[in-house]
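See structure below.
Protein chains in written order, with the working numbering: chain A, 7 to 578; chain B, 26 to 528.
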């Protein structure tokens, strides 16, 4: 059970999707139940995964033995004659970098399933695609083989395209294709690097087996692996015995790059007169920054959010964006730490710019959903800033921010959905004094807004605090980003407070007024289903704001390992 | 005098003996010719209800030649020189011939399932031409002599012109004439180039040592001109830039089964010709990587960008096939063993994707045989299975997971990267980057059909053929390999790897 746990997590929604497909149309009332049950099971399994995670294990992110709950079987391998062979594995596992995000994904997808309860139009397609999307998102977070990761990463696009394109708002067709094309540009950049990487990296264990140094059945020790690595570097192992691999853990270790490969640390390869590693890093960074999204690649986000139906917005903001951040940590920073250090100023700057630019855009919005969308851009800027700092606090803050923003933005989009369900209008200026009409709703909105603007006691505060600490320390510890960046970034907090409080004042306080008199009777307070979605989120946001240790214990070791590898790599 | 005569007789006898020995290897081709003759005579003897007999003969002919090809495959150990050096048979050629037989079979299936089935089977004319074309592409894959190259290319071309003009309508005649003119020019340029090569070397056998040695003595400028002119004919068959302009009109006007055939078989045969020619001459003579790289980039970019503006599915696929020709070339440009295998793999996938997509869109043809995008409007909800199949094929054509199209692209571009990593020619990197970024452009138009099917609201009822179940089954059969070869492509690749593709 435990050894297959992650596989169960990935495939439970897929089984749900199959059930939905096989159920006849006459049973259409069952679709949503199937979806909910599948997501509930997934959530339980994810919690089991968290409880089974050993927080005492050290977390070097380039060592396979320090990844937990792993499962690795060969998927297919292809002989390439003299060029050796390359193998693709079904390789999943968790460490501190992805475990929290896996949990987040399970939570948000479950809430999204509740939120999908009211979908009436083409139910079979909707729930089938939703579950397919869930499967690929979960798979993306746990896949440790680049091929597998890429498969899940790409496979997310198609269900998302149709979910926005068919069930979305008036400009859904435009928004859907824009989303698809933007993200695809990103994935092609990632694919370019992936092809380069797997041709440069070998799997030391499999190569050892192929070269006859040890048996496939033995558990390799560090010395044996180093033996193989030296054998490859000095040519003692024949080229034909080398097993090239998509293993993302192997890719994070400089010693696993083939001596003649252009992306290797010691070969100083160049592309267009620039260091090949720098170029590859930039391609990965941009590829995932589109998904994150960071300025200037963010323009698809407001469109997609505004047109997407509420549950899809929740999933999009709550988890999909995090894949961008996770991708940067797991691939770009892990594979090319030297390049990351070289570009840290730039990354920090774009993070900073996203924070300010997103916040200022949010100030100007008249559509509630667009406001939240731009606030997402702003908050994702903190992720980049924290990563650019390259300190333990900064990276922890970045991951914490992703987790926290996943919960808070889900709540914000649910809140926008509440009002849209009732009046089919999200214009901020069309409402006034809603507190009189919907007091309980107003309480929820206030909580969500305060959580998002980073009030102490909520999870967002911890995350942003850690990012700031990390960013301030950065110059002294590692010299990645200058002091003025976090100082200027604080303006983002002020602006955040500005747009949230202003919205609160315009929409909820004062005398009750709505643009259309007929809306008044539709504006009823929260119902049970909405409580079921919002209350757990409030509890979680408070929990992770008051007891951050719950999450920090999970993240801690791996982030320490991660930053340690970075600083070692810089000194080399 | 008498001695000389008996010598001549001896020589003739020798030659005849060689010919009879070659018959075993050429049995598949002989089968095709016999089938062709049978089809013609059957047409003359019977007056009515010919369709069953025609199909039966055709299928029997294909089945028989498949069996013979398989026996060739299992007995072929070394490359065989046939017909006194005109042809050369290797495993690669047999493999391609098997592919072509599959293609022809699928084309017959498409004709069977076509709305105007009678048109294809009321006389044996269309099938005779299909077999002629098949014979042509068979010979193209084996040609080792410039004259043979020319004859086989012309055989394919003439059959193609006739197939396109078979519908006696204005647009068809226009398309056929367009194709004919382009083809004639390309052939003329090609044979002119060949005559230069003959003049340089004194031999037509481009696999011989004499040919290669002769070329070493020629200055670079005339040699380049001659080679470029010769390549023109091959590129025309491949349907790549700059000989691509005929395709949209031809695709739009021609009956869909013929389009499927014409966009797959001659293209792959053209690819083999380029492959052999380039391989024999090697990189010493010309910077093939640069030339072919430019052709590939131009084909991909022009094809993809032109396809964006189309409103007719067949026209769109015409431009897409230009772009795909570019992708087919990518594996060749790598000039390595793995590139060769990758190109073969992509060729196989291309054939399957191509027939799958034409088979599926054929179901949505209107009465004039056109398929404007409006025909797909909202049909995905009425026919979700076919819609899903089309979606998978389109994803595969774009080259995204989880379809074999992704593996194809992954392998060819991997080979390219490897080759660039070892020899560092800049053009390879450009092809790599342009090729992959082109995927984004292509997504936009490939997704149009699923978009019309699922997102747009329906305007009219869908009227499928009678027995739509059969279409669903055939569609599924065609799409399955695309999924299976994504999840398990090592089997096919290992076969392809074992093919020795050297003259």
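Even glycine gets a Cβ: it sits at the ideal position worked out from N, Cα and C.
*If we count Cβ pairs, one from each stretch, closer than 8 Å, do we get three or more for the stretch 98-114 of chain A versus the stretch 63-79 of chain A?*
yes
*Classify residue 95 of chain B as buried or exposed, calling it buried when 16 or more other Cβ atoms lie within 10 Å of its own Cβ.*
Taking the second chain and counting its residues from 1, the one referred to as residue 95 of chain B is at position 70. When all chains shown are included, residue 95 of chain B counts as exposed.
*Applying the criterion that 16 or more other CB atoms from any shown protein chain within 10 Å of the CB defines a buried residue, is residue 39 of chain B buried or exposed?*
Translated into the one-based positions of the second chain, residue 39 of chain B becomes position 14. With a threshold of 16 other beta carbon atoms within 10 Å, residue 39 of chain B falls short and is exposed.
*Which residues in the same chain have their Cβ closer than 6 Å to the Cβ of residue 436 of chain A, if we skip the five residues on either side of it in sequence?*
Here residue 436 of chain A refers to the residue found at position 430 of the first chain. Excluding residues within five positions, the ones whose Cβ falls inside 6 Å are 521.
*Mind checking whether residue 258 of chain B and residue 214 of chain B have CB atoms under 8 Å apart?*
The count along the second chain starts at 1 and reaches residue 258 of chain B at position 233. The count along the second chain starts at 1 and reaches residue 214 of chain B at position 189. Going by C-beta atoms, residue 258 of chain B is nearer than 8 Å to residue 214 of chain B.
*Answer with yes or no whether the minimum CB distance from residue 147 of chain A to chain B is below 8 Å.*
To locate residue 147 of chain A, count along the first chain from 1; it is residue 141. Taking Cβ atoms only, chain B never reaches closer than 8 Å to residue 147 of chain A, which makes this a no.
_With the cut-off set at 8 Å, would you say residue 366 of chain A and residue 501 of chain A are in Cβ contact?_
In the first chain, residue 366 of chain A corresponds to position 360, counting from 1. In the first chain, residue 501 of chain A corresponds to position 495, counting from 1. Result yes, Cβ atoms of residue 366 of chain A and residue 501 of chain A sit closer than 8 Å.
_So residue 458 of chain B contacts chain A; which residues on that side make the cut at Cβ distance below 8 Å?_
The residue given as residue 458 of chain B occupies position 433 in the second chain. What residue 458 of chain B touches in chain A: 198.
*Measure the C-alpha to C-alpha separation of residue 188 of chain B and residue 194 of chain B and round it to an integer number of angstroms.*
Taking the second chain and counting its residues from 1, the one referred to as residue 188 of chain B is at position 163. Taking the second chain and counting its residues from 1, the one referred to as residue 194 of chain B is at position 169. Cα to Cα, residue 188 of chain B sits roughly 13 Å from residue 194 of chain B.
_Contacts that residue 479 of chain B makes with chain C (C-beta to C-beta distance below 7 Å)_ = No chain C is present in this structure, whose protein chains are A and B.
*Is residue 212 of chain A closer than 8 Å to residue 238 of chain A when the C-beta atoms are compared?*
To locate residue 238 of chain A, count along the first chain from 1; it is residue 232. To locate residue 212 of chain A, count along the first chain from 1; it is residue 206. Not closer than 8 Å, so no.
*Residues of chain A with a CB under 9 Å from the CB of residue 506 of chain B: which are they?*
Indexing the second chain from 1 puts residue 506 of chain B at position 481. Here the premise fails: no neighbours, minimum Cβ distance about 15 Å.
*Quick one: which residues of the stretch 328-351 of chain B get their C-beta closer than 9 Å to a C-beta of chain A? List them in chain order.*
none
*Going by Cα to Cα distance, which pick from A:53, A:135, A:173, A:220 is closest to residue 27 of chain A?*
One-based indexing of the first chain puts residue 27 of chain A at position 21. The shortest C-alpha separation from residue 27 of chain A is found at A:135.
*Should residue 356 of chain A be flagged as near chain B, meaning a C-beta pair shorter than 8 Å?*
The residue given as residue 356 of chain A occupies position 350 in the first chain. At a cut-off of 8 Å between beta carbons, residue 356 of chain A makes no contact with chain B.
*Given that residue 454 of chain B touches chain A, what residues does it touch there, using C-beta distances under 9 Å?*
In the second chain, the residue the question calls residue 454 of chain B occupies position 429. Chain A residues near residue 454 of chain B: 277, 278.
*Rounded to the nearest angstrom, how far is the Cβ of residue 383 of chain A from that of residue 304 of chain A, given a contact under 8 Å?*
The residue you call residue 383 of chain A lines up with position 377 of the first chain. The residue you call residue 304 of chain A lines up with position 298 of the first chain. Between residue 304 of chain A and residue 383 of chain A the Cβ distance is about 5 Å, and since that is below 8 Å, they are a contact.
_Can you tell me whether residue 397 of chain A is buried or exposed? The criterion is at least 16 other CB atoms within 10 Å of its CB, across all chains shown._
Counted from its first residue, the first chain places residue 397 of chain A at position 391. Classification of residue 397 of chain A: buried, given that the 10 Å Cβ count is 16 or more.
*Indicate whether the contact test is met: 3 or more Cβ pairs, each with one atom in the stretch 15-34 of chain A and one in the stretch 142-155 of chain A, closer than 8 Å.*
With the cut-off at 8 Å, the stretch 15-34 of chain A and the stretch 142-155 of chain A touch.
*Would you check if there are 3 or more beta carbon pairs closer than 8 Å linking the stretch 441-449 of chain A to the stretch 525-538 of chain A?*
yes
*Taking buried to mean at least 16 other C-beta atoms within 10 Å of its own C-beta, is residue 527 of chain A buried or exposed?*
For this step, residue 527 of chain A is matched to residue 521 along the first chain. So residue 527 of chain A counts as exposed.
_residue 141 of chain A versus A:429, A:288, A:20, residue with shortest Cα-Cα distance_ = Walking along the first chain from the start, residue 141 of chain A turns up at place 135. Distances from the alpha-carbon of residue 141 of chain A to those of A:429, A:288, A:20 put A:20 closest.
*Below 8 Å between beta carbons is the criterion; list the residues of the stretch 240-266 of chain B that meet it against any residue of chain A, in chain order.*
Cβ contacts with chain A come from no residue of the stretch 240-266 of chain B.
*Figure out for me which residue from A:547, A:552, A:509, A:438 has the closest Cα to the Cα of residue 523 of chain A.*
The residue labelled residue 523 of chain A in the question sits at position 517 within the first chain. Among A:547, A:552, A:509, A:438, the Cα nearest to that of residue 523 of chain A belongs to A:438.
*Of all the options B:164, B:389, B:191, B:148, which has the alpha carbon lying nearest to the alpha carbon of residue 69 of chain B?*
Residue numbering aside, residue 69 of chain B sits at position 44 when the second chain is read from its first letter. When only C-alpha atoms are compared, the closest one is B:148.
*Does residue 404 of chain B have its Cβ less than 8 Å from a Cβ in chain A?*
Position 379 of the second chain, counted from the start, is the residue given in the question as residue 404 of chain B. Contact with chain A is absent for residue 404 of chain B, since none of that chain's Cβ atoms lies less than 8 Å from the residue's Cβ.
*If we ignore side chains and look at the alpha-carbon of each, how far apart do residue 445 of chain B and residue 436 of chain B end up?*
In the second chain, the residue the question calls residue 445 of chain B occupies position 420. In the second chain, the residue the question calls residue 436 of chain B occupies position 411. Computed Cα separation, rounded: 14 Å.
*From the DSSP output, in three-state form, read off residue 554 of chain A for me.*
Taking the first chain and counting its residues from 1, one reaches residue 554 of chain A at position 548. It is coil, neither helix nor strand.
*Roughly how many angstroms lie between the CA atoms of residue 363 of chain A and residue 301 of chain A, to the nearest whole one?*
Residue mapping note: residue 363 of chain A aligns to position 357 of the first chain, counting from 1. Residue mapping note: residue 301 of chain A aligns to position 295 of the first chain, counting from 1. Straight-line measurement puts the Cα of residue 301 of chain A at about 8 Å from the Cα of residue 363 of chain A.
*Counting only beta-carbon atoms, is residue 253 of chain A nearer than 8 Å to chain B?*
As a working note, residue 253 of chain A is residue 247 in the first chain. So, not an interface residue.
*Distance between beta carbons of residue 174 of chain A and residue 182 of chain A, contact taken as under 8 Å*: Residue 182 of chain A sits at position 176 when you count from the first residue of the first chain. Residue 174 of chain A sits at position 168 when you count from the first residue of the first chain. Yes, they are in contact, since the Cβ atoms of residue 182 of chain A and residue 174 of chain A sit about 7 Å apart, within 8 Å.
*Just checking my contact of residue 342 of chain A with residue 286 of chain A at CB under 8 Å: how many whole Å lie between their CB atoms?*
Mapped onto the first chain, residue 342 of chain A falls at position 336. Mapped onto the first chain, residue 286 of chain A falls at position 280. With a Cβ gap of about 6 Å, residue 342 of chain A and residue 286 of chain A count as contacting.
*Expressed to the nearest angstrom, what Euclidean distance is found between the alpha-carbon atoms of residue 4 of chain A and residue 333 of chain A?*
Since the first residue of chain A shown is 7 and the last is 578, residue 4 of chain A is not available in this structure.
*asked:* Can you tell me whether residue 322 of chain B is helix, strand or coil according to DSSP?
replied: Within the second chain, residue 322 of chain B is the residue found at index 297, counting from 1. Note: residue 322 of chain B maps to helix in three-state DSSP.
*With a cut-off of 8 Å, does the C-beta of residue 438 of chain B fall near any C-beta of chain A?*
Translated into the one-based positions of the second chain, residue 438 of chain B becomes position 413. Output row for residue 438 of chain B: interface = yes.
*Verify the CB distance criterion: does residue 2 of chain A have a CB-CB separation below 8 Å to chain B?*
No answer is possible for residue 2 of chain A: it lies beyond the span of chain A, which begins at 7 and ends at 578.
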